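Numbering (this note's numbering), first residue to last: 976 to 1404.
Set out below in structure tokens:
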């Protein structure tokens, strides 16, 4: 009998992934791929890692009342689990990127993902609240390390014509986590205990890590890493600071309330299972991500930032008053998630028009500003709960969003005045 033809492997052979010359630059991932138009299946594994990370970032808000009840600490104090995770992420991302920049990206990425799983396992096994706080700090460090590397490696694995699709696929893991991962973790926490919610995240990260180890990642070309000073250089510009500041403020405004949304829903509509309602917020984010880029290209980022900030203010003012029925809450959470997420792409485009020569650094700083805003909002909300009812947290957040809107308006007015002066000078000459 003749030999059967050898079955094609789903993944390219590792030998091809790791081949490089000693005398020339390492070949890019695009040159190593066969065929050039096929999307590398490893990108799906990177997205699964982002799904685990996104579930981890959003899960505490859903199980906050359960953690407070079982640990015997206040809801405001439990909210600080979100604060320390987000604060570590926001501050740690540029520091860790500069520190680990000399290491092989594929090894750092897989190590960060594996350690993220272990940190969540440690969260599940924490015997006390202080130790639980410590594990959330560790999880924030590993998440801050994994995210930018997942984007970079995902783009490298894709052929040139599909790099945008590869980036969207990696980001989709984070988006799907808001509509599926976090609600699922909330449901598990409400029915089987919050520790199993963290075990879910550990399992997701572990599966992605295991398959990445089995399938392997190509060695990346060594790039000269930016120092911490170079990464922070753009914030010496007042224009950049004024562009980043509103993003921090509107995230403070939203996350004053969001970490305590499960507590609000349980008090207002008296339901114990809020997982489906949290999925409405996540669905709003997913829908917004699908349309924000097209809207920003058509109407311009500055107009959209103003419009969606106004929408966010109105929705957050009405939200506590609309928590009377399950259907009204579902609609409000959907609109809240949409108005919040519709700001993301226009904000990035605003930054890139200010200093296009610092694209990567500005996007990283914007990401840090978002997470610092989350940390600040969760901390402010936890503090406010000592004096205010949970229904009033939304209005505390509105004040921060109003300041963000005023900052945007002032910077836009200054920019228009500057352009008019330039035009008048040209006309004089």
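Every residue, glycine too, gets a C-beta built ideally from N, C-alpha and C. The structure presented is a predicted model; accordingly, all values stated were derived computationally and were not measured.
Close-in-space but distant-in-sequence residues of the same chain around residue 1227 (CB under 6 Å, 5 per side omitted): Around residue 1227: 1348, 1351, 1352 and 1375.
How would you label residue 1269, buried or exposed, when you count the other beta carbons within 10 angstroms and need 16 or more for buried? So residue 1269 counts as exposed.
Cα-Cα separation, residue 1180 to residue 1222: Spanning the two alpha carbons is a distance of roughly 29 Å.
Checking 7 Å against the spacing of the C-beta atoms, do residue 1307 and residue 1259 come in under that value? No.
Given that a residue counts as buried once 16 or more other Cβ atoms are within 10 Å of its Cβ, and exposed if not, what is residue 1158? Classification for residue 1158: buried.
Along the chain, where does the alpha helix (DSSP H) that runs through residue 1245 open and close? Here residue 1245 belongs to no alpha helix (DSSP H), and DSSP marks it neither H nor E.
Thinking residue 1371 and residue 1239 are a contact (beta carbons under 8 Å), I'd like their distance in whole angstroms, please. Rounded, the Cβ-Cβ distance is 13 Å, inconsistent with contact.
Are the Cβ atoms of residue 1161 and residue 1253 separated by less than 7 Å? Between residue 1161 and residue 1253, the CB-CB gap stays under 7 Å.
Distance, Cα to Cα, residue 1341 vs residue 1367? One alpha carbon belongs to residue 1341, the other to residue 1367, and they sit about 28 Å apart.
How would you label residue 1283, buried or exposed, when you count the other beta carbons within 10 angstroms and need 16 or more for buried? Under a 10 Å Cβ-count criterion, residue 1283 is classified as buried, with 16 or more other Cβ atoms of the shown protein chains found around its own Cβ.
Distance between residue 1092 and residue 1218 (C-alpha atoms, nearest Å): Near 35 Å, if we compare the C-alpha coordinates of residue 1092 and residue 1218.
Since residue 1147 and residue 1022 are thought to touch, with beta carbons under 8 Å apart, how far apart are those beta carbons, to the nearest angstrom? The Cβ separation is near 6 Å, so the contact holds.
Would you mind reading off the limits of the alpha helix (DSSP H) that contains residue 1226? It spans 1213 to 1230 - the alpha helix (DSSP H) in which residue 1226 sits, taken as one unbroken run.
Around the C-beta of residue 1102, are 16 or more other C-beta atoms found within 10 angstroms, so that it is buried, or is it exposed? Around the Cβ of residue 1102, a 10 Å sphere holds fewer than 16 other Cβ atoms; the residue is exposed.
If we call anything under 7 Å between Cβ atoms a contact, is residue 1305 one with residue 1255? Yes, the pair counts as a contact, with Cβ atoms nearer than the cut-off.
Please classify residue 1389 as buried or exposed, where buried requires at least 16 neighbouring CB atoms within 10 angstroms. It is exposed - the Cβ of residue 1389 has fewer than 16 other Cβ atoms within 10 Å.
So, helix, strand or coil for residue 1297, using DSSP? Helix, per DSSP.
Can you tell me whether DSSP reads residue 1075 as helix, strand or coil? Taken through DSSP and simplified to helix, strand or coil, residue 1075 comes out as coil.
Spatially closest choice to residue 1325 from 1296, 1355, 1278 and 1354, by CA coordinates: Residue nearest to residue 1325 within the set 1296, 1355, 1278 and 1354 is 1278 (criterion: CA-CA distance).
Quick check: the Cα distance between residue 1038 and residue 1164, rounded to an integer number of angstroms? Each residue's alpha carbon lies about 6 Å from the other.
What number of angstroms, rounded off, separates the C-alpha of residue 1391 from the C-alpha of residue 1338? Taking the CA atoms as reference points, residue 1391 sits about 24 Å from residue 1338.
With DSSP as the reference, label residue 1016 as helix, strand or coil. In the structure shown, residue 1016 sits in coil (DSSP, three-state: anything other than H, G, I, E or B).
Could you pull the start and end residues of the alpha helix (DSSP H) that residue 1367 belongs to? Careful: residue 1367 lies outside any alpha helix (DSSP H) and carries neither H nor E.
Less than 8 Å between the CB atoms is what I'm expecting for residue 1150 and residue 1261, so what's the real figure, rounded? Right, the Cβ-Cβ distance comes to about 5 Å (below 8 Å), so this counts as a contact.
How should residue 1139 be labelled, buried or exposed, when 16 other C-beta atoms within 10 angstroms of its C-beta is the threshold for buried? Under a 10 Å Cβ-count criterion, residue 1139 is classified as exposed, with fewer than 16 other Cβ atoms of the shown protein chains found around its own Cβ.
Residue 1145 beta carbon less than 7 Å from that of residue 1257: In this structure, residue 1145 does not lie closer than 7 Å to residue 1257 by Cβ.
Starting from residue 1141, trace the alpha helix (DSSP H) both ways and give me its first and last residue. Residues 1138 to 1151.
Less than 7 Å between the C-beta atoms of residue 1176 and residue 1356, yes or no? The answer is no: Cβ separation not under 7 Å.
Measuring CA to CA, which of 1168, 1126 and 1191 is closest to residue 1142? Just measuring C-alpha positions, the residue of 1168, 1126 and 1191 sitting nearest residue 1142 is 1126.
Measuring CA to CA, which of 1053, 1025, 1064 and 1327 is closest to residue 1116? When each option's Cα is compared against that of residue 1116, the closest is 1064.
Could you check what DSSP says for residue 1134 in three-state terms: helix, strand or coil? Residue 1134 carries a coil assignment under DSSP once its states are collapsed to helix, strand and coil.
Residue 1182 lies in the alpha helix (DSSP H); which residues open and close that run? Run containing residue 1182: 1169 to 1190, per the alpha helix (DSSP H) assignment.
Verify whether the separation of the beta carbon atoms of residue 1029 and residue 1119 is less than 7 Å. Not a contact, by the Cβ cut-off of 7 Å.
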